[in-house]
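Peer 1:
Residue numbers (my numbering), protein chains in the order written: chain D, 75 to 457; chain Y, 5 to 300.
1. List the residues of chain D whose Cβ lies closer than 7 Å to the Cβ of residue 181 (chain Y), in chain order.
2. Going along the stretch 193 to 210 of chain Y in order, which residues come within less than 8 Å of chain D, judged by CB to CB distance?
3. Determine the burial state of residue 70 (chain Y): buried for a count of at least 16 other Cβ atoms within 10 Å of its Cβ, exposed for fewer.
4. With DSSP collapsed to three states, give me the class of residue 34 (chain Y).
5. Using a Cβ cut-off of 8 Å, pull out every chain Y residue sitting near residue 312 (chain D), in sequence order please.
6. For my contact list, residue 241 (chain D) and residue 261 (chain D) are in at a C-beta cut-off of 8 Å; report their separation, rounded to the angstrom.
7. Please classify residue 138 (chain D) as buried or exposed, where buried requires at least 16 neighbouring CB atoms within 10 angstroms.
8. Measure from the alpha carbon of residue 36 (chain Y) to the alpha carbon of each residue in Y:274, Y:103, Y:194 and Y:145, then state which is nearest.
9. Comparing the C-beta of residue 345 (chain D) with each C-beta of chain Y, is any distance below 8 Å?
10. When the cut-off is 8 Å and only beta carbons count, does residue 263 (chain D) lie next to chain Y?
11. Going by alpha carbons, who is nearest to residue 241 (chain Y) out of Y:250, Y:83 and Y:180?
12. Along the chain, where does the alpha helix (DSSP H) containing residue 204 (chain Y) start, and where does it finish?
13. So, helix, strand or coil for residue 186 (chain D), using DSSP?
14. With a CB to CB cut of under 7 Å and the five nearest residues on each side skipped, what residues in its chain are close to residue 178 (chain D)?
15. Of all the options Y:275, Y:287, Y:284 and Y:293, which has the alpha carbon lying nearest to the alpha carbon of residue 2 (chain Y)?
16. Comparing the C-beta of residue 251 (chain Y) with each C-beta of chain A, is any distance below 8 Å?
17. Ends of the alpha helix (DSSP H) at residue 135 (chain Y)?
18. Show which residues of chain Y have a CB atom less than 7 Å away from the CB atom of residue 430 (chain D).
19. For residue 295 (chain Y), which residues from the same chain have a beta carbon less than 6 Å from its beta carbon, with the 5 sequence-adjacent residues on both sides left out?
20. Among D:330, D:284, D:353 and D:377, whose alpha-carbon lies nearest the alpha-carbon of residue 363 (chain D)?
21. Enumerate in chain order the residues of its own chain whose CB-to-CB distance from residue 34 (chain Y) is below 7 Å, with the five nearest sequence positions on each side excluded.
22. Below 8 Å, can you find three or more Cβ-Cβ pairs linking the stretch 170 to 187 of chain Y to the stretch 99 to 107 of chain Y?
23. The beta strand (DSSP E) with residue 267 (chain Y) in it runs from where to where?
24. Just the C-alpha distance for residue 306 (chain D) and residue 245 (chain D), rounded to the nearest angstrom, thanks.
25. Could you compute how far the alpha carbon of residue 190 (chain Y) sits from the alpha carbon of residue 254 (chain Y)?
26. Tell me whether residue 66 (chain Y) sits in a helix, a strand or coil according to DSSP, three-state version.
27. Checking 8 Å against the spacing of the C-beta atoms, do residue 270 (chain Y) and residue 284 (chain Y) come in under that value?
28. From the beta carbon of residue 242 (chain D), is the nearest beta carbon of chain Y less than 8 Å away?
29. Locate the beta strand (DSSP E) running through residue 182 (chain Y), then write down its first and last residues.
30. Given 7 Å as the limit, tell me if residue 131 (chain Y) has its C-beta closer than that to any heavy atom belonging to the ligand SAM.
31. Apply the 10 Å Cβ neighbour rule to residue 292 (chain Y) and answer buried if 16 or more other Cβ atoms are within range, or exposed otherwise.
32. Is the shortest distance between the beta-carbon of residue 100 (chain Y) and the beta-carbons of chain D less than 8 Å?
33. For residue 247 (chain D), I'd like the list of residues in its chain whose CB is within less than 8 Å of its CB, leaving aside the five on either flank, ordered along the chain.
34. So does the stretch 38 to 51 of chain Y actually touch the stretch 92 to 99 of chain Y, counting three or more Cβ pairs closer than 8 Å?
35. If you pair each beta-carbon of the stretch 197 to 207 of chain Y with each one of the stretch 259 to 266 of chain Y, do three or more pairs fall below 8 Å?
36. Restricting to runs no shorter than 3 residues, where is the beta strand (DSSP E) found entirely within the stretch 211 to 244 of chain Y?
What follows is the structure, given as structure tokens:
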């Protein structure tokens, strides 16, 4: 009953070994068994999630102080109080530090939290769905579709605004939707959606689209191709609050719907045959999960470019700590992914100040070695 | 022309070929040209502009697809830009290839050398070096007179602008090279230097790289008084992206409506038109200095 995010999990019964308990994505009997042997109870869910939520909030407060200009916590509270009292974000009232905090740093941190959460969650879901430890949100081919949309928009010089939103993300999203449809149609065979065709279709479309992107950048004027490359590298910019609001509604809605699939996902990791024999409508579940993941990824890529490794490494790390029950793994990964990206982005905008580093570089530099660690020293996770 | 006269004057026409015709390019490579080249390939829009400015339109046999000034340049056969087609270049049988250092791939240069196609790298470090590069090209192609004239006119205009803006207070300038994400010019870049010359101070002066991705927080903190957007067919900032900047109402530039456009070609191309870019920028930054000079 405390599992408000998952209506079906009110039925979790600690005394009855639930079928989900040992369904690690890549079960490692010795190690993972120890963790997931404890059946997920509402209490365990709370004891894991509550500290994570607290930690995320604390981290927001910590990261919000760093930047080109140090804004201490006292000043942050001052400014926030001022804004809440007067409802004004004009520089006359809150000063330059206030504008930096309210209009740039805070929306960017929140965007980082959101994007990181989505990337990590989609990573969790796809690793389970595709039963492939290398899966990340970008294997669906949607990301390169979005990137292609943006590259085309830049090439054609489209750059008007639409409903206070920059049009670039919209072009990206349109490209993402297009590739979603293409991958889906390619993978579909006889009304079913085989997992390997989904994976292959995504990978193939990725390489075709990357080739097109490279073609576009090669014919661009070099200054502009540098801008396109900078965009593709993955970057977080401060969104306006209306844009952030729309995005937040869309993405949290998507995450919530993904979370509702957690239970079925647990069973699906057993293999489709077994899942079907346990009464899961595997085709329907796969289709829903694919569509949700693709829609989330498309939106994320179109606002932030390709931020690598969050969607691949965070799920592994969290699974290592918490076990493979998706009802817990999914929300926990979301929070950890959000925090990870928030820290990475804080470094990205602080280390070289006043210049900044593309955040994708930092996530990859920090995430890559961790993945190597898993690969070399924790081989059991992948076998 | 100049060469022949000199030869006739000395009574020894062959002297013309003995006069120093060895040139050192910006990579320090020596190039010996026995006679003035007649088939020239330009691998940069700036070089094409220089060649046209000193009256060599007949000798140009190949240009890049971005060479659009003067308009006649666009009619010339194309060889590509960032990835020039080596076969096309060879087929043009050039006796001189003039190339910039940026975007020129090392393998292309090596191949041109291997094919014994004379290649000369033009890479002025700052815009004040441009007149001397024009003169150098003029000497190579026997157009010293017109090249010297172009260079002299440029130097005079630069000096005139400098004298107007030198004593004025510095205005904080943000040059938006790319809007999403924000990329600007930093120390070591051409445009950074030009901004200083035009009487401004680049707000990204503290950055360590020539083309930094500037943090929006830094922009708010440095508070530019004027924001300049390059515009143009292939390389400008779209109008919509420029409009997005108006949301930053705390910036002095936005408050005072100092968002300006400048044709990107005038500042991006280290050629003869750079003085025009400099002058436009100076007029944007210090309109008062130029208004005063027109009045008397």
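From the three backbone atoms N, C-alpha and C, an ideal C-beta is built for every residue, glycine too.
Computed from a predicted structure; not experimentally measured.
Peer 2: Reading it off the structure:
1. Working through the second chain from its first residue, we reach residue 181 (chain Y) at position 177. Simply 297.
2. 208 and 210
3. The residue labelled residue 70 (chain Y) in the question sits at position 66 within the second chain. Buried: at least 16 other Cβ atoms inside 10 Å.
4. Taking the first residue of the second chain as position 1, residue 34 (chain Y) is located at position 30. Looking at residue 34 (chain Y) - three-state DSSP - the assignment turns out to be strand.
5. For this step, residue 312 (chain D) is matched to residue 238 along the first chain. Those are 220, listed as they occur along chain Y.
6. Position 167 of the first chain, counting from 1, holds the residue named residue 241 (chain D). Position 187 of the first chain, counting from 1, holds the residue named residue 261 (chain D). 30 Å between Cβ atoms; not a contact.
7. Counting from one through the first chain, the residue named residue 138 (chain D) turns up at place 64. Buried: at least 16 other Cβ atoms inside 10 Å.
8. Locating residue 36 (chain Y) in the second chain gives position 32, counting from the first residue. Residue 36 (chain Y) has its Cα closest to that of Y:145, out of Y:274, Y:103, Y:194 and Y:145.
9. Working through the first chain from its first residue, we reach residue 345 (chain D) at position 271. Cβ-Cβ to chain Y under 8 Å: no for residue 345 (chain D).
10. Sequence index remark: in the first chain, residue 263 (chain D) carries index 189 (1-based). Judged by the 8 Å Cβ criterion, residue 263 (chain D) is not in contact with chain Y.
11. Numbered from 1 along the second chain, position 237 holds the residue referred to as residue 241 (chain Y). Ranking Y:250, Y:83 and Y:180 by Cα distance to residue 241 (chain Y) puts Y:180 first.
12. Residue numbering aside, residue 204 (chain Y) sits at position 200 when the second chain is read from its first letter. Premise fails: residue 204 (chain Y) lies in the beta strand (DSSP E), 204 to 206, not in any alpha helix (DSSP H).
13. The sequence position of residue 186 (chain D) within the first chain is 112, counting from 1. In this structure, residue 186 (chain D) counts as helix in the three-state DSSP scheme.
14. By 1-based counting over the first chain, the position of residue 178 (chain D) is 104. So the list reads 312, once near-sequence residues are dropped.
15. There is simply no residue 2 (chain Y) to check, as chain Y begins at 5 and stops at 300 in what is shown.
16. No chain A appears in this structure, whose protein chains are D and Y.
17. The sequence position of residue 135 (chain Y) within the second chain is 131, counting from 1. That run of the alpha helix (DSSP H) goes 134 to 144.
18. Translated into positions along the first chain, residue 430 (chain D) becomes position 356. Near residue 430 (chain D) (Cβ distances below 7 Å), the residues of chain Y are 217 and 219.
19. Position 291 of the second chain, counted from the start, is the residue given in the question as residue 295 (chain Y). Same-chain partners within the cutoff: there are none.
20. Translated into positions along the first chain, residue 363 (chain D) becomes position 289. When only C-alpha atoms are compared, the closest one is D:330.
21. Looking up residue 34 (chain Y) in the second chain gives position 30. Answer for residue 34 (chain Y): 26 and 28, listed in chain order.
22. no
23. Taking the first residue of the second chain as position 1, residue 267 (chain Y) is located at position 263. Start and end: 263 to 267.
24. Along the first chain, read from residue 1 onward, the residue named residue 306 (chain D) stands at position 232. Along the first chain, read from residue 1 onward, the residue named residue 245 (chain D) stands at position 171. Those two C-alpha atoms are separated by around 14 Å.
25. Indexing the second chain from 1 puts residue 190 (chain Y) at position 186. Indexing the second chain from 1 puts residue 254 (chain Y) at position 250. Their backbone Cα atoms lie some 23 Å apart in a straight line.
26. On the second chain, residue 66 (chain Y) is found 62 positions in, with the first residue counted as 1. Of the three classes helix, strand and coil, the one that applies to residue 66 (chain Y) here is strand, per DSSP.
27. For the purposes of this step, residue 270 (chain Y) is taken as residue 266 along the second chain, with counting starting at 1. For the purposes of this step, residue 284 (chain Y) is taken as residue 280 along the second chain, with counting starting at 1. Their beta carbons are under 8 Å apart, which means residue 270 (chain Y) touches residue 284 (chain Y) by this criterion.
28. Numbered from 1 along the first chain, position 168 holds the residue referred to as residue 242 (chain D). Judged by the 8 Å Cβ criterion, residue 242 (chain D) is in contact with chain Y.
29. Numbered from its first residue, the second chain carries residue 182 (chain Y) at position 178. Where residue 182 (chain Y) is concerned, the enclosing beta strand (DSSP E) stretches over 175 to 182.
30. No copy of the ligand SAM appears in this structure; indeed no ligand is present at all.
31. The count along the second chain starts at 1 and reaches residue 292 (chain Y) at position 288. So residue 292 (chain Y) counts as exposed.
32. Locating residue 100 (chain Y) in the second chain gives position 96, counting from the first residue. Closer than 8 Å: no.
33. Along the first chain, one-based indexing puts residue 247 (chain D) at 173. Correct list, in chain order: 220, 223, 372, 373 and 376.
34. yes
35. no
36. 230 to 235
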